[in-house]
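Line order of the protein sequences matches chains A and B.
Heads up: take any position in the first sequence, counting from 1, add 45, and you land on our numbering.
Heads up: take any position in the second sequence, counting from 1, add 6, and you land on our numbering.
All C-beta atoms in this analysis are idealised placements derived from N, C-alpha and C, irrespective of residue type, glycine included.
Source: prediction; values computed, not measured.
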Amino acid sequence: MIWVNIIIQGILVGGLYALFAAGLSLIFGVMRLVNIAHGDFIVAAAFLAWVVVQATGLNPLLSLIIVVPLAMAFGYALQKWILNSTLGKDILPPLLVTFGLSVILQNGLLEVFTADSRKLNAGVIETASFPVLPGVAIGYLPLLQFIVAVAVIWGLQYLFYNTALGRAFRATSDDSETALLMGLDQRKVYAWAMALCMGVVAIAGVFLGVRSNFDPFMGPGRLIFGFEAVIIGGLGNLWGTLIGGVILGVSQAIGAQINPGWQVLAGHLVFLLVLAVRPKGLFPRIDG
Amino acid sequence: MSKKIVLNRRSILRAGAGIVAAPAFLRRAYAADTFKVGLVSPLTGPLAGFGEAQDWVIAGLKDAMAKLPVPIEIIAKDSQSNPNRAAEVATELIEKDGVKLLLGKDTPDTTNPVADQAELNGVPCITNNCPWQPYFFGRNGNPATGFKWTYHYFWGLEDVIANFVGIWDQSGAAKKVGGLFPNDADGNAWGDKEHGLPGPLKAAGYDLVDPGRYQPLNNDFSSQIAAFKAAGVEIVTGVMIPPDFATFWAQAAQQGFKPKVVTIGKALLFPASVQALGDRGDGLTSEIWWSPNHPFKSSLTGQSAKELADAYTAASGKPWTQPLGFAHSIFEVAFDVIKRTKDLNDPESILAAITETDLQTITGPISWKAGPNVPVKNVCKTPLVGGQWTKGDKGYDLTITTNVQQASIPVAGKVRLLN
């Protein structure tokens with residue numbers, strides 16, 4: 046029964062990794078940009094939610110109504126005025142700019158919010174759980190987090206394959222120059238993609254803040270699992286990212302059950318195994 | 007367009023260089039009679055919480071500085087929470103700024119590189135706020151000979167263990183302890199079979215369940231919780247960073263694990279991190295190195311511990327923190343040394359004054375002369391007690407519950423059980 050519990054908890058943690066990774070996967074899929082500052086944006090979103098909660102007294106989960114649109118507007122502006130001017134044939138400049146953004150964000154947050162660690166208090170949902178089997182209990186918060194991760198991925202997937210904006214994303218991703226010839230302004234398309242990414246980042250940030258303490262410097266530490274989930278699942282494939290997150294969560298949980306020292310190692314080993322056997326990930330996006 | 011920007015940048019740089027250079031030039035003019043004290047501490051980065059009160063402390067030293075026999079200049083540099091950077095700025099302070107006395111504080115990541123540079127360059131150095139074993143053995147100190155130029159004061163692992171056991175003895179919980187030790191310098195030292203918690207706990211009749219070292223910033227403690235539940239653990243201990251403890255504590259509740267006593271090092275130091283846990287912070291226990299209830303006074307300002315803490319809260323609007331006392335007392339020791347030094351231009355003379363220190367500070371008595379508080383040469387131990395966080399009307403308060411080692415520090419209550 047212990048193993049059933051461990052694997053269920055691992056799957057639920059996988060939902061968190063998928064939330065961290067969905068924005069990364071989206072941005073990479075559309076514009077081949079690796080966003081080093083992704084983890085710091087998640088932490089910044091958690092701080093934004095904290096400010097909103099302090100100002101309005103809303104439950105952090107409800108504060109998403111305000112935080113998500115704000116984050117999306119920020120993402121649009123960030124892409125339009127900063128990142129777009131770095132995109133080109135060379136992949137290095139945008140990478141370096143996001144690296145710089147990461148440093149600026151960390152120290153900016155330190156200046157404004159100090160080094161104190163904070164948490165978003167969502168009330169009883171944080172610690173409540175329901176038993177499914179003897180010895181196996183599922184917490185409402187991890188479950189909600191998993192459901193939200195699935196919903197976010199499903200929503201992005203729907204948007205990609207059933208809307209005009211999604212068509213624009215795919216067209217620009219496949220061949221940005223031809224898309225431009227057809228009248229698609231890639232800069233605008235990219236700005237929308239970043240806006241969506243930041244919307245997902247805001248959701249991830251709020252869940253991060255409700256789960257545990259956060260401080261200005263914890264972004265990069267949280268980023269690595271997001272990266273691994275994206276790569277295990279296959280670059281640019283959103284459902285793959287969810288599955289990648291779950292594989293990572295479960296392998297870490299199994300590793301931890303054998304010895305807590307193996308928890309992170311087990312995740313990394315699975316990651317390396319996938320890279321060795323299928324360098325493009327388990328479910329690579331079909332390139333045209 | 008781009009040309010204009012370059013010009014602007016250059017002119018700004020040039021103007022900036024002028025501003026920076028001017029005071030340096032002026033400083034050199036009166037350098038002969040100014041005694042320079044260098045301080046390295048983490049002001050930014052993950053350890054910034056330790057350095058938070060420092061600027062306020064230094065600003066409050068003006069009167070005390072005026073009373074010293076020579077004009078003093080304090081040059082404070084940021085370690086950015088990085089040991090390499092700490093060594094770099096320490097060298098800069100010694101070689102470029104020409105400090106005659108070097109101070110360093112907050113965790114082995116700062117105290118050790120700073121002390122190493124001072125030892126190497128023959129500059130007298132005083133550090134605090136790092137348990138003495140990582141400071142002394144982390145620098146490959148030999149208890150027989152010790153170091154020449156570098157002196158340190160804080161408590162040691164044996165004190166933490168004594169206080170934790172004191173808390174548990176008082177609680178009456180079953181003697182089954184679950185250990186949560188991360189795979190970092192602290193976790194490995196605390197969990198070490200020979201020098202860490204396991205030996206003394208066994209001697210005190212406690213049974214330690216240690217599932218193994220986890221990686222810091224862990225997202226899932228299910229396997230540890232399952233192991234604790236299976237072993238009937240009633241006491242949880244460890245040395246964790248705040249986010250890891252918060253993750254563990256929420257998961258413990260979700261999975262129905264209800265220990266009676268939870269005593270954690272590091273994660274529960276700052277009121278802000280306990281506040282962040284909401285109602286679930288009430289009743290957690292931790293080590294206390296300094297609190298407003300300590301019966302000590304500042305040798306510089308005459309303030310009691312409580313007055314210093316209240317003044318900080320009034321000025322900053324933030325609750326007191328444990329490093330506040332140590333940020334203050336390092337200057338008490340430094341200024342006392344300066345007062346007693348016969349020849350401030352002679353490092354040997356400054357060193358002699360350090361070794362003869364016998365001072366009552368806001369963090370307790372400091373003296374490096376052989377005695378019960380000096381476990382090895384160069385190290386003086388300050389008192390350590392244990393306590394419990396209690397949620398009141400105005401937020402969290404730390405109540406001293408255990409003074410097994412320091413009867414002079416009064417206890418204010420008994421340990422309450424969590425469940």
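Unbroken alpha helix (DSSP H) runs of length 4 or more, entirely within the segment 132 to 171 of chain B: which are they?
With a minimum length of 4 residues, the continuous alpha helix (DSSP H) runs that stay inside the segment 132 to 171 of chain B are 138 to 142.
Give me the chain B residues within the contact set of GLU171(A), using Cβ-Cβ distance strictly less than 9 Å, ordered along the chain.
Chain B residues near GLU171(A): ALA256, ALA259, GLN260, GLY284, ARG286.
What are the boundary residues of the beta strand (DSSP E) that GLY401(B) is part of?
Per DSSP, GLY401(B) belongs to the beta strand (DSSP E) from 401 to 408.
At which residues does the alpha helix (DSSP H) containing LYS125(A) begin and terminate?
That run of the alpha helix (DSSP H) goes 109 to 126.
Stretch-stretch touch, CB-based, cutoff 8 Å, three pairs: the segment 229 to 246 of chain A with the segment 78 to 88 of chain A
With the cut-off at 8 Å, the segment 229 to 246 of chain A and the segment 78 to 88 of chain A touch.
Tell me which residue opens and which closes the beta strand (DSSP E) that ASP115(B) is part of.
Unbroken run through ASP115(B) is the alpha helix (DSSP H), 114 to 127; no beta strand (DSSP E).
In chain B, which residues lie with their C-beta within 9 Å of the C-beta of GLY184(A)?
Listed by position along chain B, the residues whose Cβ is nearer than 9 Å to that of GLY184(A) are ALA256, GLN257, ALA259, GLN260, GLN261.
What's the gap between the Cα of GLY200(A) and the Cα of ALA67(A)?
Straight across, the Cα-Cα distance linking GLY200(A) with ALA67(A) is about 11 Å.
Against chain C: residues of the segment 225 to 256 of chain B by CB proximity under 7 Å:
Chain labels in this structure do not include chain C; the protein chains are A and B.
Is the distance from the Cβ of PRO324(A) to the Cβ of ASN282(A) below 8 Å?
No, Cβ-Cβ distance for PRO324(A) and ASN282(A) is not below 8 Å.
In chain A, what lies closer than 9 Å to GLN221(B) by C-beta?
Result: PRO305, GLY306, GLN308, VAL309, LEU310.
Is there a Cβ from chain B that is less than 8 Å from the Cβ of ASP161(A)?
Chain B contact via Cβ: present.
Can you give me the Cβ contacts of ASN189(B) inside the same chain, cut-off strictly under 8 Å, excluding the 5 residues immediately before and after it?
These residues qualify, in order along the chain: ARG219, TYR220, GLN221, PRO222.
Residues of its chain near GLN193(A), where Cβ-Cβ distance is below 8 Å and the 5 sequence neighbours each way are ignored
Correcting the residue identity first, residue 193(A) is Val in this sequence and not Gln. Hits under 8 Å: GLY60, LEU64, ILE248, PHE252.
Straight-line Cα distance separating ASP115(B) from GLY41(B):
This sequence places Phe at residue 41(B); Gly is not what is there. Approximately 27 Å, taken between the alpha carbons.
What residues in the segment 246 to 259 of chain A bring their beta carbon closer than 8 Å to a beta carbon of chain B?
Against chain B - using a Cβ distance shorter than 8 Å - the residues of the segment 246 to 259 of chain A are ARG256, SER257, ASN258, PHE259.
Along chain A, in chain order, which residues have C-beta atoms closer than 8 Å to that of ASN189(B)?
Under the 8 Å cutoff, chain A gives GLY306.
Start-to-end residues for the beta strand (DSSP E) that takes in TRP395(B)
TRP395(B) -> beta strand (DSSP E) spans 391 to 398.
Count the other CB atoms within 10 Å of the CB of TRP48(A); is the residue buried (16 or more) or exposed (fewer)?
Looking at its Cβ environment, which holds fewer than 16 other Cβ atoms inside 10 Å, TRP48(A) is exposed.
Pairs of beta-carbons, one from the segment 327 to 338 of chain B and one from the segment 109 to 126 of chain B, closer than 8 Å: are there three or more?
Yes, the segment 327 to 338 of chain B is in contact with the segment 109 to 126 of chain B.
Euclidean distance between Cα positions of ILE231(B) and ALA256(B):
Approximately 11 Å, taken between the alpha carbons.
Between which residues of its own chain and GLN412(B) is the CB-CB distance below 8 Å, once the five residues before and five after are set aside?
Excluding residues within five positions, the ones whose Cβ falls inside 8 Å are PRO389, LEU390, VAL391.
By the 9 Å beta-carbon criterion, what residues does the segment 55 to 88 of chain A contribute toward chain B?
So the list reads GLY55, LEU57, VAL58, LEU61, TYR62, given in the order they occur along the chain.
Measuring straight from C-alpha to C-alpha, what distance separates LYS345(B) and GLU200(B)?
In a straight line, the C-alpha of LYS345(B) is about 43 Å away from that of GLU200(B).
So, is the C-beta of ALA168(B) closer than 8 Å to a C-beta in chain A?
In terms of beta-carbon proximity, ALA168(B) stays away from the interface with chain A, with every pair separated by 8 Å or more.
For the segment 278 to 295 of chain A against the segment 100 to 119 of chain A, are there 3 or more C-beta pairs whose distance is under 8 Å?
Verdict: no, contact absent.
Using the C-alpha atoms, what's the distance from PRO176(A) back to PRO248(B)?
Those two C-alpha atoms are separated by around 28 Å.
Can you give me the Cβ contacts of ALA70(B) inside the same chain, cut-off strictly under 7 Å, excluding the 5 residues immediately before and after it?
If you ignore the 5 residues before and after ALA70(B), its C-beta comes within less than 7 Å of the C-beta of LEU306, THR307, PHE341, all in its own chain and listed in chain order.
Using a Cβ-Cβ cutoff of 9 Å, what residues of the segment 108 to 134 of chain B are near chain A? List them in chain order.
Look at the segment 108 to 134 of chain B: it has no residue with a C-beta under 9 Å from a C-beta of chain A.
With the cut-off set at 8 Å, would you say PHE153(B) and ASN134(B) are in Cβ contact?
Not closer than 8 Å, so no.
Per the DSSP calculation, PRO265(B) is bridged to which residue(s)?
None, per the DSSP bridge assignment.
Relative to chain B, which residues along the segment 131 to 162 of chain A have a C-beta separation below 8 Å, given in chain order?
Near chain B, meaning a CB-to-CB distance below 8 Å, the residues of the segment 131 to 162 of chain A are ASN152, LEU155, THR159, ALA160, ASP161, SER162.
C-beta neighbour in chain B for GLN302(A), strict 8 Å
For GLN302(A), the answer is yes, since a Cβ of chain B falls inside 8 Å of its Cβ.
Between the alpha carbons of LYS134(A) and ILE270(B), how many angstroms are there, rounded?
Taking the straight line joining both Cα atoms gives about 52 Å.
Residues of its chain near ALA30(B), where Cβ-Cβ distance is below 6 Å and the 5 sequence neighbours each way are ignored
Here ALA30(B) scores only 49 on pLDDT, less than 50, and its place in the model should not be relied on; the value that follows carries that caveat. Excluding sequence neighbours, ALA30(B) sits near nothing in its chain.
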